[in-house]
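This report concerns only the one structure given below.
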Amino acid sequence: MKYNFDEIINRRKTYSLKWDGGDLIKEIGYTTRYDEETLPLFTADMDLPVPQPLIDALHRTVEHRIFGYSVCPPAYFQAIQHWFKTRHDWAISAEEIVYCPGTVYALNIAVRAFTEQGDGIIIQRPVYPPFTAAIEGNGRKVINNALQCDTNGYYSIDFDDFEEKAKDGSTKMFILCHPHNPTGRIFTKDELQKLADICVENDVLIIADEIHGDLIRRGQTFIPIAKAVDEVSHIITCTAINKTFNVAGLHCTNLIIPNLRLREKFTETMGMQLPSPFTIAALIAAYNEGEDWLEQLKDYIDDTMEWVKVFIEQRLPLVKVTIPEGTYVMWLDFSGYGLLPEEVHYRIYNKANVLLEDGHLFGEEGLHYQRICISSPRPIIKEALERIVGAFEDIHTAAV
Ligand SMILES: Cc1ncc(COP(=O)(O)O)c(C=O)c1O
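Those letters in the sequence shown? Residues 1 to 400, by the UniProt record's numbering.
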């Protein structure tokens, strides 16, 4: 089946956080302007239709007319095993899989289950803001092993710093973001092995958030950390159809926890969670029949990223942009304008009326950056970027 990702599907009045969530978005403080004309390219979901087999599976569920408590059948676990074996050559056994209604929720449960108040947890900023919230909100301490950005916008790990921080007796956990949001880095087998070795040596538990792992550029290879390293008993991996198949609203994360003791502790802390029949049907259809859709989606995202890069180089020449190895977010460096971050924010959010995500939300390393989600039909991305050009026009004109 061929999908038309250029089609603009109106999401207003569908309870969409991006398109209907203005009050909440203002309350959180992302922007002061949000109205009917706002183009929201912030939170990471896609304005693109999901695979047809998934839609068909949901229709069949609706037609049954009863939506009671549900349990995962063997086909649920088999679909997960099939996907990770065929896509990532990663053999998972059914017992290792734990359903959880969300990845951020899972991070919070893991923090509570495996660390104590005051313990240190390593993260690599700039990073997805709920990592910080899960740590600080539960009374734990953020230990930042900041990623290092070179002049080409390429991020790498400071291993000496990582090791020093892991050695501190109060450091108990490392939350890895892989592929890394917002920098898009896909870590190599060597990098993953090195991180894992340091964690084993220092008894630091790894929670690997790998929910962007299917969304990578052509020519890139994503190796799940649990597949890349020798010892997996100290690794918990978060996987999800939420990101891959754009069903965040169905709340479907699956944790892979090979270590029985950790698995029991996690499930005991979380309490029993049952997925909805929609979630179960969606996962089975997506993982068994969603591959051709994903291949087309990846082409579309890759092409959009190429287009965005060229557009920015030509029309917003002071913004530094690179194509990330993975994810559908782009991390734009606005420092070239020499403006205060508040001024950049005002021009984009208030003048252009485009809603992105301010880089400082990802940590102070992101102060001069803006994160854009390009997982929308290209006409929407084009309009958003044209508007942003308009909001910086006076500077460009003055420079000529
Ligand atoms: C790295 C990362 N983890 C988790 C999430 C949210 O996942 P969930 O909706 O399953 O909580 C996101 C969403 O953008 C993300 O980028």
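Even glycine gets a Cβ: it sits at the ideal position worked out from N, Cα and C.
Whole angstroms are fine: how far does the CA of residue 123 sit from the CA of residue 202?
16 angstroms
Which of helix, strand or coil DSSP assigns to residue 382:
helix
Residue 177 Cβ short of 6 angstroms to ligand 1 heavy atom set
yes
Is it true that the region 55-62 meets the region 215-222, where meeting means three or more beta-carbon pairs spaced less than 8 angstroms apart?
no
Between which two residues does the beta strand (DSSP E) containing residue 331 stretch?
329-333
Kindly indicate which three-state DSSP category residue 148 falls into: helix, strand or coil?
strand
Mind checking residue 456: buried by the 16 CB within 10 Å criterion, or exposed?
With the chain running from 1 to 400 in the structure shown, residue 456 is simply not present.
On the three-state DSSP scale, how would you describe residue 370?
Here residue 370 carries a strand assignment [DSSP, helix/strand/coil].
Cross-strand partners of residue 156 (DSSP beta bridge):
148
CA nearest to the CA of residue 204, picked from 212, 231, 248, 178
231
Who are the near neighbours of residue 410 in its chain, counting only those whose CB is closer than 7 angstroms to its CB and skipping five residues on each side?
Nothing about residue 410 can be reported from this structure: the residues present for the chain run from 1 to 400 only.
Using a threshold of 7 angstroms, state whether the C-beta atoms of residue 159 and residue 189 are closer than that.
For the 7 angstroms CB-CB criterion, residue 159 and residue 189 do not form a contact.
Beta-bridge pairing of residue 142 - partner residues as DSSP gives them
121
Delimiting residues of the beta strand (DSSP E) encompassing residue 173
The continuous beta strand (DSSP E) containing residue 173 extends over residues 171-177.
In this structure, does DSSP put residue 95 in helix, strand or coil?
helix
Kindly list the residues whose CB is nearer than 7 angstroms to the CB of residue 260, restricted to its own chain and excluding five residues on each side of it in sequence; keep chain order.
none
Once you ignore the five residues that flank residue 136 on each side, which residues in its own chain have a CB closer than 7 angstroms to its CB?
142
Just to check, is the beta-carbon of residue 44 closer than 6 angstroms to a non-hydrogen atom of ligand 1?
yes
So, are the CB atoms of residue 372 and residue 330 less than 7 angstroms apart?
It is a contact, given that the beta carbons lie within the stated cut-off.
Taking DSSP as the reference, what is the three-state secondary structure of residue 207?
strand
Exposed or buried, which one is residue 300 when buried takes at least 16 other CB atoms within 10 Å?
buried
Tell me whether the beta-carbon of residue 43 lies closer than 7 angstroms to the beta-carbon of residue 18.
yes
Is any non-hydrogen atom of ligand 1 found closer than 6 angstroms to the C-beta of residue 337, if you look at the structure I gave you?
no
Per DSSP, residue 27 is paired with what?
Looking at the DSSP assignment, residue 27 forms no beta bridge with any residue, so it has no partner.
So does residue 401 have its beta carbon nearer than 6 angstroms to some heavy atom of ligand 1?
The requested residue 401 does not occur in the structure, where the chain is confined to residues 1 to 400.
Sub-7 angstroms separation of residue 422 and residue 237 beta-carbons:
Here the chain has residues from 1 to 400 only, and residue 422 is not among them.
Measuring alpha carbon to alpha carbon, tell me which residue in 375, 214, 49, 184 is nearest residue 1.
49
Look up residue 313 in the DSSP assignment and say whether it is helix, strand or coil.
Here DSSP, grouped into helix, strand and coil, assigns residue 313 to helix.
Please return the same chain residues whose Cβ sits closer than 6 angstroms to the Cβ of residue 144, not counting the five positions on each side in sequence.
125
Beta-carbon separation of residue 243 and residue 223 under 7 angstroms?
no
Leaving out five residues on either side along the sequence, give the residues of the same chain with a beta carbon under 6 angstroms from the beta carbon of residue 146.
125, 365
Residue 103: CB within 6 angstroms of a non-hydrogen atom of ligand 1:
yes
Below 8 angstroms, how does it come out for the region 74-82 and the region 312-328: are there three or more Cβ pairs, yes or no?
no
heavy atom of ligand 1 below 6 angstroms from residue 128 C-beta:
yes
Cβ of residue 361 within 7 angstroms of Cβ of residue 130?
no
Whose C-beta lies closer than 6 angstroms to the C-beta of residue 213 among residues of the same chain, with five residues either side of it excluded?
222
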